[in-house]
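Peer 1: Protein chains in written order, with the numbering used here: chain D, 771 to 916; chain V, 3 to 147.
Positions of the beta carbon are idealized from the N, C-alpha and C atoms, including for glycine.
Because the structure is a prediction, the values reported are computed rather than measured.
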Amino acid sequence: MADNQTHLTTLATVRVGDTLPQLVSAPISRTILALYCGASGDHNPIHVDIDFARRSGMDDVFAHGMLPTAYVGRLLTDWAPQPWLRSLQVRFVAITHVGDIIHCNGRVVAVQEGADGNEVRVEISAADQTGQVKIQGQAVFAVPRQ
Amino acid sequence: MIDRSYIGRELPPFTVDVEAGRLRFFAKATDQTDPVYRDLEAAKQAGYPSIPVPPTFLHCLDLEAPVLLRDMLGIDVGRVLHGEQQFVYHRMAFAGDRLTFAARVEDIYDKKNGALEFVVKAVHVTNQRGEAVAELRNTTVVRNG
Numbered sequence: 771m772a773d774n775q776t777h778l779t780t781l782a783t784v785r786v787g788d789t790l791p792q793l794v795s796a797p798i799s800r801t802i803l804a805l806y807c808g809a810s811g812d813h814n815p816i817h818v819d820i821d822f823a824r825r826s827g828m829d830d831v832f833a834h835g836m837l838p839t840a841y842v843g844r845l846l847t848d849w850a851p852q853p854w855l856r857s858l859q860v861r862f863v864a865i866t867h868v869g870d871i872i873h874c875n876g877r878v879v880a881v882q883e884g885a886d887g888n889e890v891r892v893e894i895s896a897a898d899q900t901g902q903v904k905i906q907g908q909a910v911f912a913v914p915r916q
Numbered sequence: 003m004i005d006r007s008y009i010g011r012e013l014p015p016f017t018v019d020v021e022a023g024r025l026r027f028f029a030k031a032t033d034q035t036d037p038v039y040r041d042l043e044a045a046k047q048a049g050y051p052s053i054p055v056p057p058t059f060l061h062c063l064d065l066e067a068p069v070l071l072r073d074m075l076g077i078d079v080g081r082v083l084h085g086e087q088q089f090v091y092h093r094m095a096f097a098g099d100r101l102t103f104a105a106r107v108e109d110i111y112d113k114k115n116g117a118l119e120f121v122v123k124a125v126h127v128t129n130q131r132g133e134a135v136a137e138l139r140n141t142t143v144v145r146n147g
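Right, here's the structure in full:
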């Protein structure tokens, strides 16, 4: 595997079309939802209490949107140093359910001169095991000039 | 319908201490294996003063607000979904930092004849030195149907 598919360490190696190493989650379990509830501080019972979820019109508890987003965060910081990360934006397009296995992907869509370094724009997505997209978004890194 | 007069309203700023234990718990809950996000020594070897706040955790700290916007607006917690989330990063934050979150209701609007309502909140985050850390923008969706 080429360097530019493992870690972004210098602008010299990054090209439009490069892909980030895919990150695949463990199946989303109720234990993971409980841990994320506590760790995130988002105590909305709809993610951990099936009785509450059903009263609210859902069939079952479901993941916080920010859980797969945290996996996207890992995808990004596994690829490039976090201080280079300038922005991250995500849109939640489908609910992540118990049992889903989240596949996070990123692809470089632009490399250009920016205000505080060379900007690398990455299109990101997170989908389940069937390919249903849960999250779409973009991240921008500023790679320091050598 | 959510009271539209809240558009433009500023929420009282609040301050939160970034605790290493919280960051380790978050690392565990998100299957984070990079030791930089769990271990002080690994963080220091990476050149950080302490364990760093990972990219999405600022949203979690924003939930430490003494009064949540959804409660202020009278929104039923069982009816909310997260629509969008944006982060613009100015500088890193670390365990031991004291961060201040200042939020403003940017917009409230509806779609599908009110079946879905959207609340957009913008948050400016600064550290204990008054330096800008990040801008957060959060869109909450309320299911009225």
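Pick out the complete alpha helix (DSSP H) segments inside the region 26–75 of chain V, 4 residues or longer, and give them in chain order.
Peer 2: Whole alpha helix (DSSP H) segments, 4+ residues: 42–47, 59–64 and 71–74.
Peer 1: Are the C-beta atoms of Asp36(V) and some chain D residue less than 8 Å apart?
Peer 2: For Asp36(V), the answer is yes, since a Cβ of chain D falls inside 8 Å of its Cβ.
Peer 1: Tell me whether Glu119(V) is buried or exposed, calling it buried when 16 or more other Cβ atoms sit within 10 Å of its Cβ.
Peer 2: Buried: at least 16 other Cβ atoms inside 10 Å.
Peer 1: On the three-state DSSP scale, how would you describe Asn115(V)?
Peer 2: Asn115(V): helix per DSSP, three-state reduction.
Peer 1: Rounded to a whole number of angstroms, what is the C-alpha to C-alpha distance between Lys46(V) and Ala833(D)?
Peer 2: In a straight line, the C-alpha of Lys46(V) is about 33 Å away from that of Ala833(D).
Peer 1: Check whether the region 895–911 of chain D and the region 857–868 of chain D touch, using three or more Cβ-Cβ pairs below 8 Å as the test.
Peer 2: Yes: at least three Cβ pairs fall under 8 Å.
Peer 1: What are the residues that DSSP puts in a beta bridge with Arg861(D)?
Peer 2: Arg861(D) is bridged to Gln906(D) and Glu86(V).
Peer 1: Shorter than 8 Å from the beta carbon of Gly794(D) to some beta carbon of chain V?
Peer 2: Checking the displayed sequence, the identity of residue 794(D) turns out to be Val instead of Gly. Not an interface residue.
Peer 1: Is any beta-carbon of chain V found at less than 8 Å from that of Thr866(D)?
Peer 2: Judged by the 8 Å Cβ criterion, Thr866(D) is not in contact with chain V.
Peer 1: Are His126(V) and Met836(D) touching if we call contact CB-CB under 8 Å?
Peer 2: Taking 8 Å as the Cβ cut-off, His126(V) and Met836(D) do not qualify as a contacting pair.
Peer 1: Here's the rule I'm using: 16 or more other beta-carbon atoms within 10 Å means buried, otherwise exposed. How should Asp788(D) be labelled?
Peer 2: Classification of Asp788(D): buried, given that the 10 Å Cβ count is 16 or more.
Peer 1: Reducing DSSP to helix, strand and coil, say where Leu855(D) ends up.
Peer 2: Strand, per DSSP.
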